[in-house]
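Input: a single structure, listed below in structure tokens.
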Amino acid sequence: MVPIIITGKVLGVLDIQDNVTNNILPEDITLLESLASQVAIALQNADLYRRAETALQETNLLIDYAAEGILVLDMTSGLFTDPNENAAKIYGLSREELVKVGPAQMSPPKQPDGRDSAEKAREQINIALEKGSNIFEWNHINGQGHEFSCEIRLVRIPGDRPRLRVTVTDITERKRQQELAIMRARQQETINLITQKIQAAATIEDAMQVAARELGRALGNKPTLVALEPDALGGHDGKTVAE
219 MVPIIITGKV LGVLDIQDNV TNNILPEDIT LLESLASQVA IALQNADLYR
269 RAETALQETN LLIDYAAEGI LVLDMTSGLF TDPNENAAKI YGLSREELVK
319 VGPAQMSPPK QPDGRDSAEK AREQINIALE KGSNIFEWNH INGQGHEFSC
369 EIRLVRIPGD RPRLRVTVTD ITERKRQQEL AIMRARQQET INLITQKIQA
419 AATIEDAMQV AARELGRALG NKPTLVALEP DALGGHDGKT VAE
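In structure tokens:
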């Protein structure tokens, strides 16, 4: 019997038997040992292949169910390849449709800063190719022609073919919340300034005039009426209009 050994672990044996006692020659043992070694290598390769397949399947599942859109950009063709399900949802296209387009087809003519999309895209791609990765904000258009804001992460893929892994995150809602927060901060600043000016007024009439004037300015120079209950002013009608 000759053991089949992989990394010190015995997986089995090769056993040859003969009806004649002591009829197995030393060269037969050598042949068996060689066969056992080949079987061990084949078993090891099969195990490695199985593990690689399992790892690939797990990786594909992680990509398919990732929260972000993930694609590959083939720099030779300029088209997307290997989109995951979320990429299809973000762009509003099927996977089959998505591999027929690239950034050029899915971008508006100009970006929010006024720059030409094609020119700016080349710049961002070159940064990723040179440095290995690049993260930036971008405006894309979906399959229905609607423009949306997203965060793009480009990572260079090793190999002879120039390719980039593209991660796309739709940040439309995040941008809306940021703009809303900025607007509210400006409104609060305006209110604070008006309050300071009203508090600095010497009389109620002056305070009302300041309030009416400043509110009119804050509302785009619209006619503004500020009114108090007559009892609060001892019978005065308490109305002031800013033209």
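Under the numbering used here, the first residue of the sequence shown carries the number 219, and numbering increases by one thereafter.
Just so you know, even glycine gets a beta-carbon here, dropped at the ideal spot from N, CA and C.
Since this is a predicted model, take the numbers as computed values, not measurements.
In the three-state reduction of the DSSP assignment, residue 349 falls in the helix class, which pools H, G and I.
With respect to the C-alpha of residue 395, the residue from 376, 252, 415, 367 having the closest C-alpha is 367.
Of all C-beta pairs linking the region 306–313 to the region 352–366, three or more are shorter than 8 Å, placing the two stretches in contact. For the set 295, 248, 255, the Cα lying nearest the Cα of residue 379 is the one of 295. In this structure, DSSP gives residue 383 an extended state, which the three-state scheme calls strand.
Setting aside the 5 residues that flank it on each side, residue 336 is surrounded in the same chain by 322, each with a C-beta closer than 7 Å to its C-beta; the list follows chain order. With a threshold of 16 other beta carbon atoms within 10 Å, residue 432 meets it and is buried. For residue 374, the enclosing beta strand (DSSP E) stretches over residues 365–375.
For residue 361, DSSP assigns no beta-bridge partner whatsoever. One Cα belongs to residue 415, the other to residue 402, and the distance between them is close to 20 Å. Taking 8 Å as the cut-off, the Cβ atoms of residue 263 and residue 287 do not count as close. Take the alpha-carbon of residue 420 and the one of residue 429: they are about 13 Å apart. Counting of Cβ neighbours within 10 angstroms places residue 316 among the buried residues, the total reaching 16 or more. In this structure, DSSP gives residue 289 an extended state, which the three-state scheme calls strand. Here residue 388 is buried: its Cβ has 16 or more other Cβ atoms, across all protein chains shown, within 10 Å. For the pair residue 290 and residue 384, the CB atoms are nearer than the 8 Å cut-off. Exposed is the label assigned to residue 418, since fewer than 16 other Cβ atoms lie within 10 Å of its Cβ. Excluding the 5 residues flanking it on each side, residue 391 has no same chain C-beta neighbour closer than 8 Å. By the Cβ neighbour-count rule, residue 259 is exposed, with fewer than 16 other Cβ atoms within 10 Å of its own.
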